[in-house]
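One structure is given here, and the rest of the page talks about it.
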Amino acid sequence: MAWLYYEEGLKQDEIATRLGISRSSVFNLLQKARDEGIVTITIDPTRLERADLSVELKEKGQLAECYVLPSSSGGAALSEQIGRLGARIFEQKLEKDDVVGVAWGRTVMALSKALSPTSMPGVTVAQVTGSSIATYDFSPELCTSNIAARLNARCVNLHAPGVVSNANMKSLLMQEPIVGQHFELLRHCTKSLFGVTHITGPTLLEDTGVMTEELLRQYQDKGAVGFASGYFFDIDGTIIRTGFDDRHLVMPIDDFLNVPDRLCIGGGPEKVDAIHGMLKARIATILITDQETAKAVCANLSAA
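Taking the numbering used here, I'd label the letters of the sequence shown as residues 8 to 311.
Right under this line is the structure:
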């Protein structure tokens, strides 16, 4: 059926007549063929990098690459739309011996689900922050394992909590060989993949139970506007720290900034300031976002 539609150019009703099934069955089976990887449709996403808005944000944000998703009236959530574009970019950039550090979030999980199944056993996919006992479906360990599964790559989860009770506990955990070896692996990352979140109003960090309102307020009081890959920052890109950082198991910022390709995916009006600050902090080298967010960030960077 997929051959008749994609290779011979038959219409769905013609296929239905030939096979003696309903047109809706043809539609559903064609969709199943795409979902199972029997059929893949490729659009060259690098063309988006050459769009005027992408070029403007790339220059103003001091990025190596920038891809802006065109406005869409589709029903899919923005995180899913950006995730799909991110998957296509990530697939094109991935090399056979890459070590990929993965953070977490809705858009990162959306990217993982949009990846085309392939086999890259030489690739290592590693968690950049500790694990969680939370039930949300985009936790660090799930994002990492899902990406590795889609790539048929080596998966290295961090078998330690993301947040511990005190600084001494973190220090002790970091001395454990299994944890130390994991962070040594992260120093060899060639790519990193992460989202960005705002910290005002309803925020992912509170919704998932990673932080309490009181802890989050400590960062807000110091001027923080966003959070990416384990770190808070203000609108000017200064990394903001509190006692929470002494309890948070995450890839050290200096090691993270040494990763050659740091791919951030995220968008939405609530994230404009967060993306602005993240770009000022030079946390990302590659940004994938949507058109409206890109316009707003460009305007803010121009006014800064």
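Here a beta-carbon is modelled for each residue, glycine too, at the ideal position from N, C-alpha and C. All values reported here derive from a predicted model rather than from experimental measurement.
- Residues Ser-86, Glu-87, Gly-90 of the same chain have their beta carbon placed closer than 6 Å to that of Ala-117, with the five preceding and five following residues left out of the count.
- The residue from Gly-112, Asp-104, Val-135 with its alpha-carbon nearest to that of Pro-128 is Asp-104.
- In the structure shown, Gln-69 adopts coil according to DSSP, grouped into three states.
- The alpha helix (DSSP H) runs of length 4 or more contained entirely in the stretch 202 to 276 are, from start to end of the chain, 211 to 214, 220 to 228, 260 to 264.
- Assignment of Lys-103 by DSSP, reduced to helix, strand and coil, places it in the coil class.
- DSSP, read as helix, strand or coil, puts Thr-125 in coil.
- The beta-carbon distance between Leu-165 and Gln-188, rounded to whole angstroms, is 10 Å. This is too long to meet the 8 Å contact definition.
- Thr-114 and Gly-273 have their C-alpha atoms roughly 6 Å apart.
- Beta-bridge annotation (DSSP): Asp-297 is paired with Leu-76.
- At the C-beta level, Val-203 and Val-170 stay beyond 8 Å of one another.
- The alpha-carbon of Val-130 is positioned some 26 Å away from that of Thr-296.
- With 16 or more other Cβ atoms inside 10 Å of its own Cβ, Ser-119 counts as buried.
- If you look at Thr-131, you'll find it in the beta strand (DSSP E) that goes 131 to 134.
- Distance between Ala-291 and Ser-61, taken at the CA atoms: about 15 Å.
- About 7 Å separates the beta carbons of Arg-289 and Gln-69, which is inside the 8 Å limit, making them a contact pair.
- Secondary structure note for Val-279: its alpha helix (DSSP H) is the uninterrupted segment 279 to 287.
- In the DSSP assignment, Val-109 forms a beta bridge with Gln-134, Leu-200.
- Taking a contact as a CB-CB distance under 8 Å, the pair Leu-256 and Gly-112 does not count as one, their CB atoms being some 17 Å apart.
- For Val-171, there is no enclosing alpha helix (DSSP H), as DSSP gives it neither H nor E.
- Of Val-163, Asn-175, Ile-206, the smallest CA-CA separation from Glu-191 is found for Val-163.
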